[in-house]
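First comes the structure, then the notes that go with it.
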Amino acid sequence: MLLAACMGAAQSFGQGTDLGTIRGVVTDTAGAVIPNASVTIIDTVTNTARETKTNGQGYYEMFGLKSGKYKVSITAAGMSTTEIKDLLLTGSNAVSADAVLKVSASKETVVVSSEAASINTEDQSISETISSVAVTELPRDSRDVYSFLYLNPNITQGSADGEFKFLGAQSYGASFSLDGQRSNGGIFGEPTQSKPSLEAVGEVNILTSDFSAEYAGIANIRVNTKRGGADYHGSAFYNNKNSALAAWTLDDLNGKAIFSPTSFQSKYPNPYFNENDLGGSFGGPIPKLKRTWFFTSYERDYNVAPVKFQSNTVPHPSLYTGDFSGLTDGPPNTDPTNSSCVVGGVVSPKPVVPSSVASGLTAQEIAANTELVTDCAGNTTQRFITIPSRLLNPTTQALINTYFPKIGISAPINPANGRIIGGYQTILPGRSTLDSGVLRVDHDFSDKDHLYGVYNVSAQTSASRAVVNPYTGLGLTQVDRKNNTLSLSYTHAFSTNVMNEVRGGFNRENLLQHSNTTLEGFLSSIGFTQSDIDAYGAVTGDFALTTFGHPAINFGGTFATFTNGGRNTFRPLDQNLITYGDTLTWIKGKHAFRMGGDMVYNEAQDGFALNRGNVRGSITYSGTGLTPFTSFLLGLPGRSVSTVSKPRPAMDVHNWESGFFFQDTWKVNSRVTVNLGLRYELITPFIDKNDLIANFDPNFTDTTTGQLGRFVIPSNKTLQFLDPRIINFGYVLADDSGLGVGRGVVRTDKADWSPRVGLAWRLGNKSVIRGGYGIYYPTSAAQGIRDPIATNPFNQGVTKRSASGNPLLGWPGNGVDGISPISGGAPAATGNTPAVNVVPFNIHQPRIHQYNVTYEREIGWDSVVRVSYLGSTMHGLIAGKDLNQLQPSDTPFGVTLVDDNGDLQPGQICDPTQGNCGISDADAAKYRFPALGDFVLSYGNYGHAQSNAFQAQLQRRYTKGLLLNVAYTYLDQKSTALDTGNSSLGGIAYNSLLPDNDYGIDGYISKHRLVAYGVYDLPFGKRRQYGSSMRAWEDAILGGWSTTFNMFAKSGTGFTPFWICDDCNPVEPGNIGISSVDAVGDFNAEPSYRPTILSNNFNQKTGDSIWNAAAFGLPSVGADVFSNPASAKRNLLWGPSTWGVNLGLHKDFRFGERVTAQLGADVDNLFNHPLFSPNSDAGGGGGTFALLGDFNIRVDQTTGKLLPIGQGHPEDIIPNPDFGRLINSFSQEGVDSRRTVRLRLRITF
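Listed below in structure tokens is the structure:
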């Protein structure tokens, strides 16, 4: 019945209304309610009025009011008139305006000022509004409106600067909206770039805990634009931030300290940058259109900054043309007692002449271009001094000339390995240009009908990161983005106690990241003929030829890999949303009923899946030293090539989010308000336009073959892009599976009911106790299905090697055409099992129970103090586990030798350090799914968490020239599901067999955090408290000054210590059979393992490390690899505490009554204090901060059993010298990583 009522009000989820409410109770001096009193509410921005009357209980409410200041006038027959001035309404908040009328024969008026900040006496929510004054005046490190969220005590930094972690929840699932239109995209659930200029921001309304049933998400962030008023007002501004006024970053200081001049870089590159912001705004009434107002703004942000290219593994340019004469052989051994090297033996870095080339050398070339070298083993080989020019492959030479770094031949060469002494570094000019504009129109058709519409548009082009470092010829990745957002809202008052708002709009973001040439263009640029291109395309497919990108080439460990550019080499990233919503408000007695809902249609395209694997081919050369690079110069085939079986197009998905709510605000009496709400959310699975999703059913058993598992696909359309190995494994169409799934191959979660209750009890006129409870669900994000079932089942890798009668063909050129370096060869006998991920068919949204108890009091000085306990219990958090993990044991696994042809040699033991280990049939049979190998990750509702927080906050609204907000939070939050910042895709459990055992400090959590911000107008000068009689020149010097600040201070977050195994897979510690084991759980270090704890003083500073590396040992390699009680727990290390302060100093110059010019400077990171706490890139599995080091494993050559790490081979243990070292500074929470100065000029009129 309730649901039907809600649906009757709206067919709609998500963002809720942006309109506020003024409500109150009117009584006489004896406390009796006054019915039928006249209430006039005046919008002081537009000077328009709305009227209503109190009901039989003396209660009134006016819904549908826009943010701004209001005046409320209340009167009744024979009674006085009460005027309540300066009533500030923000966002969707409700403000109380009670009145006490007294009997009066005359027209007596009592004026009450509500300029002081008022406490929340209406509901249980924890919310905050950041005003336009704060947005335009506070010094921040960017012009991003969402950077102001860090000023809220319940929002801290997530995985990196610009990412958010919500107290009592995870780092995803909040609902963002712009003027009522949903603005978080469907891929990651994060806010899109649909953001207004700061000049256009009216307020930022932040609902973080226990908000009403009207709103979706684990938090609700609402940005509202300014609106035009009765008078014309405008602004113009220009800001500049540049390197001349900035301190150097720690990275640059460290780089300069170790810099050595070279022939191509005489001094350390100047870390210049120059950022400019300019724009303006204008608003007021539209001429000749009654009751119509407009507001518009425009901003352009443009900047230049260098993009660094740096590598210590670039080949010397003499090697580009096969000149190895700069390499020197080690002196011959003359010590007959040296058993490690025969007498006369030398160590030579020169490359061995390949046997396929040696036979074709002329006698003159043998004499002039080669030498015979006897190595320490006594083997005599023919080596190149220089490669004869006729043998250099013209295609690979063209590739080098076009895409390798341009380096002078005079650069110093390392004679032992051919690299450049001191490394290579240069810069390319990066740039970015952003244009954004806003137009808002408000129109009142009548006192009962009100409409507003807002159109936001922005466009950005940028190039600020290398396609592939250090290969400068590939240039910088290009980013092209366009955003368009339309928001509409229409309200109609059916009567004084019934009002309805209808809202809708769209949010479109079109984003393309790409390199600078298509694969076909790349091949043409290095001399491929059309027949060569056709041969290449016959392997990759024509689709790959037409997309941006290039092949990958691996030269071994000596020189930097020419990588394929990663996922962003050609990545469309489009997010489109359409939103419709309705809210009906009905005042009945002491009840204010609100009902309705919203509907959001998400549509998203993402090329992340398109670029999985080596879509455009990869060539790997094997051997040591310069052998791989020499083979490349000669145009010889690689040891192996990799492609994908069938490249898929970009993911193109859509889904619906619908939510229906009923909310009752029950004014029990003048002191007690009860809030009762119920919300129902229905989020449909994402469906791919081309049906390119493939899930896996691990619980199915084929009754004929006894095989476990089957693939579940949407339709036969999926088959053309599936790898034959997956098809042959066995599949079923979703409709035929009997699992209750459709094209999204997971079931629709239909159980998302959200009761929300609250109580506010006024203890007097200045204090209130309030609290509540509610269930909240995150908004949807396609990443939860994109990675596991829309990416990993597709673009399956195929590795080929030369085979008898079917060799790899090498590079075209020197009279050989119609071939390509990825043509020919046969699939390798091992290592070609498909990678498979699983999303349980019954996966559901995580359920977050929030509750709070709050005491709030007005303390004078126009200030309010709030003290709160905030609790949260989280169930069903997403985490991953590998279904093929074996029970740890001492029984050898994966130790069968693989010969040079890729064939297994049963009965022979491999050496993991040589990379020649394989999985025998007997080993594979131990897997739950033998045909699927060592990477069968399942992402389900495996996690839970608990959060408890104490919070105290002092707030003073901007009045009498002072704004101040200070908040402190003590937080204890633990979970079993690592928050990786990966949207709805959870982290990987360390032990897949017991994922619930890893209960520890949640990600990005600080126990102590203080945030504060303020604006203070110094009280000197004309129109200030002191100095109103100043002369003009005195006022120009001493008057009109103001200062602003914001700061944060927080204790360290948790980090997980880990070791990386360099030669694992398929041999793993504990013989667990999987390579997906991840000590941190963030997908960046696989396989990696946690250390054993040798002593409990691991958080003790040692030398220049904040931790004690000696407190940790190596991982166990036995059956107790996970169960060892001394094994380290997740996030047991505490990182460094961090603080930063921004300060602004501004001076106003007045020109007449209406024009003010403001000059000023905003100093970011005032004290140039290093912000050492690393982001997830540096502090997680992909960084070195918590990395103890690398290790290799070895096995007994008789039994195949794992040997203790480093036993007899100390060189197998490579400690990380940077473990726990504070050597980098990171921008955090709106504070730059080093001091910068933004000069600003702003004119208002």
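So the sequence shown is numbered by my numbering: it starts at 886 and just counts up by one.
Note that CB positions come from ideal geometry on N, CA and C, so glycine has one too.
Item	Value
With distances taken from CA atoms, which of 1533, 2108, 1896 and 903 is nearest residue 1386?	903
State the beta-bridge partners of residue 1088 as determined by DSSP.	1016 and 1109
Alpha carbons only, please: which of 1973, 1228 and 1925 is nearest the one belonging to residue 1875?	1973
Given a threshold of 16 other Cβ atoms within 10 Å of its Cβ, counted over all protein chains shown, does residue 1916 qualify as buried or as exposed?	exposed
Using CA atoms only, rank isn't needed, just tell me which of 1156, 1130 and 1124 is closest to residue 854.	A query on residue 854 cannot be resolved here, the shown segment of the chain reaching from 886 to 2130 and no further.
Output the residue ranges of the beta strand (DSSP E) runs that lie fully inside the region 1938-1981 and measure 3 residues or longer, sorted by chain position.	1943-1946
Go ahead and label residue 1430 buried or exposed: buried means 16 or more other beta carbons lie within 10 angstroms of its beta carbon, across all protein chains shown.	buried
From the DSSP output, in three-state form, read off residue 1416 for me.	helix
Have a look at residue 1600 and residue 1622 and give me their C-alpha separation to the nearest angstrom.	11 Å
Taking C-beta to C-beta, are residue 1608 and residue 1595 nearer than 7 Å?	no
Under the three-state reduction of DSSP, which class applies to residue 2114: helix, strand or coil?	coil
Roughly how many angstroms lie between the CA atoms of residue 1347 and residue 1158, to the nearest whole one?	14 Å
For residue 1893, count neighbouring Cβ atoms within 10 angstroms of its own Cβ and tell me buried if that reaches 16, exposed if not.	exposed
To the nearest whole angstrom, what separates the beta carbons of residue 1947 and residue 2075, a pair I think is in contact under 8 Å?	5 Å
Find out if the Cβ-Cβ distance for the pair residue 1721, residue 1767 is shorter than 7 Å.	no
Do residue 1743 and residue 1004 count as a contact pair if the criterion is CB distance below 7 Å?	yes
Could you check where the alpha helix (DSSP H) with residue 1405 kicks off and where it finishes?	1404-1410
Just the C-alpha distance for residue 1724 and residue 1970, rounded to the nearest angstrom, thanks.	22 Å
Taking the straight line between their C-alpha atoms, what separation do you get for residue 1426 and residue 1527?	14 Å
Are residue 1669 and residue 1764 closer than 7 Å when you measure CB to CB?	no
Under 7 Å, Cβ to Cβ, is there at least one residue of chain C near residue 1136?	Absent here is chain C; the protein component of the structure consists of one chain.
Measuring only the C-alpha atoms, how far is residue 861 from residue 1627?	Beyond the ends of the chain as shown, which are 886 and 2130, falls residue 861; an answer cannot be given.
Would you report the Cα separation of residue 899 and residue 1825, rounded to the nearest angstrom?	With a pLDDT of 45 at residue 899, under the threshold of 50, the modelled position of this residue cannot be trusted, and the question is left open.
Among 1483, 2122, 1359 and 1851, which has the Cα closest to the Cα of residue 1469?	1483
Sorted by chain position, which residues of the same chain lie with C-beta nearer than 8 Å to residue 1261's C-beta, five sequence neighbours on each side aside?	1218, 1225, 1226, 1227, 1230, 1231 and 1232
Using DSSP with H/G/I as helix, E/B as strand and the rest coil, what is residue 1121?	strand
So, residue 1356 versus residue 1288, is the Cβ gap smaller than 7 Å?	yes
Let's see if you can read the secondary structure: which residues bound the beta strand (DSSP E) around residue 1374?	1363-1380
Considering just the uninterrupted stretch of the beta strand (DSSP E) at residue 1338, what are its terminal residues?	1334-1348
Enumerate in chain order the residues of its own chain whose CB-to-CB distance from residue 1343 is below 6 Å, with the five nearest sequence positions on each side excluded.	1321 and 1368
Could you tell me the alpha carbon to alpha carbon distance between residue 1611 and residue 1573, rounded to whole angstroms?	19 Å
Within a Cβ cutoff of 7 Å, which residues of the same chain sit near residue 887, ignoring the five residues on either side of it in sequence?	Residue confidence is low: residue 887 scores 34 on pLDDT, short of 50, so the model does not pin down where it sits. No coordinate-derived value is stated.
Does the region 1654-1662 come close enough to the region 1460-1479 that 3 or more CB-CB pairs lie under 8 Å?	no
Can you tell me whether residue 1729 is buried or exposed, with buried defined as 16 or more other CB within 10 angstroms of its CB?	buried
Does the region 1396-1406 come close enough to the region 1370-1388 that 3 or more CB-CB pairs lie under 8 Å?	no
Who pairs with residue 1169 in a beta bridge, going by DSSP?	1179
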